[in-house]
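**Q**
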Amino acid sequence: MNKETSEYPHRQLLPKVSLGKVGHSHSPVHAPSKRRSLACTNCRRKHIKCTGPPSCETCVHSGRACVFEPSKDRRRKEALRHAEKATERYRNALVMVIQTFKSGADQDVRDLVDRMKQSSSVDDSLAELQEMTHREK
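Position 131 of the sequence shown, counting from 1, maps to 131 under the UniProt record's numbering, and the rest follow consecutively.
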């Protein structure tokens, strides 16, 4: 088999894109994406594409109320502020625990440990801890 008639035919190349202005090609302009950073509650529940506010196409066609909850979008500033507040709460709670361990009486430390063991969740533990520290002041 010679090189001109190989078993793999060559792909046909497209013509070179001409450049009008420096660095700008004359390629077709694509329509802007209809993807939104936040889907409405119905589209989010169904895991389908949402066309965005005021009412998305899916909700209009189904006759449902189109509701957007910015707090559900973890990429927005509001979500960041919420995460920062939660982090600060946990930090303060950790400082309280450490202070109790370092400077508290042995009975206070035992009470703290017992209450933490009895709490059903982290948030309950935090509430108990805050209640204990406010009673002592």
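Don't be surprised by glycine CBs; every beta carbon is placed ideally from N, CA and C.
(1) Closer than 8 angstroms is the cut-off here; do at least three beta carbon pairs connect the stretch 119-132 with the stretch 85-94?
(2) Report all residues from its chain with a CB closer than 6 angstroms to the CB of Arg64; omit the five preceding and five following residues, and keep chain order.
(3) Tell me the DSSP secondary structure of Gln107 in three-state form.
(4) May I ask you to report which of helix, strand or coil DSSP gives Arg35?
(5) Quick check: the Cα distance between Asp114 and Cys59, rounded to an integer number of angstroms?
(6) Assign Ala86 to buried or exposed, taking buried as 16 or more other Cβ atoms, counted over all protein chains shown, within 10 Å of its Cβ.
(7) In terms of residues, what are the limits of the alpha helix (DSSP H) holding Glu57?
(8) Could you have a look at Arg115 and say whether DSSP puts it in helix, strand or coil?
(9) Near Cys40, what residues of its chain come up, given a Cβ to Cβ distance below 7 angstroms and the 5 sequence neighbours on each side ignored?
**A** The short version:
(1) yes
(2) Asn42
(3) helix
(4) Its pLDDT being 49, under 50, Arg35 is placed unreliably in this model, and the coordinates cannot settle the point.
(5) 51 angstroms
(6) Counting other Cβ atoms within 10 Å of its Cβ, Ala86 stays below 16 and is therefore classed as exposed.
(7) 57-62
(8) helix
(9) Cys50, Cys56, Cys59, Cys66, Val67, Phe68
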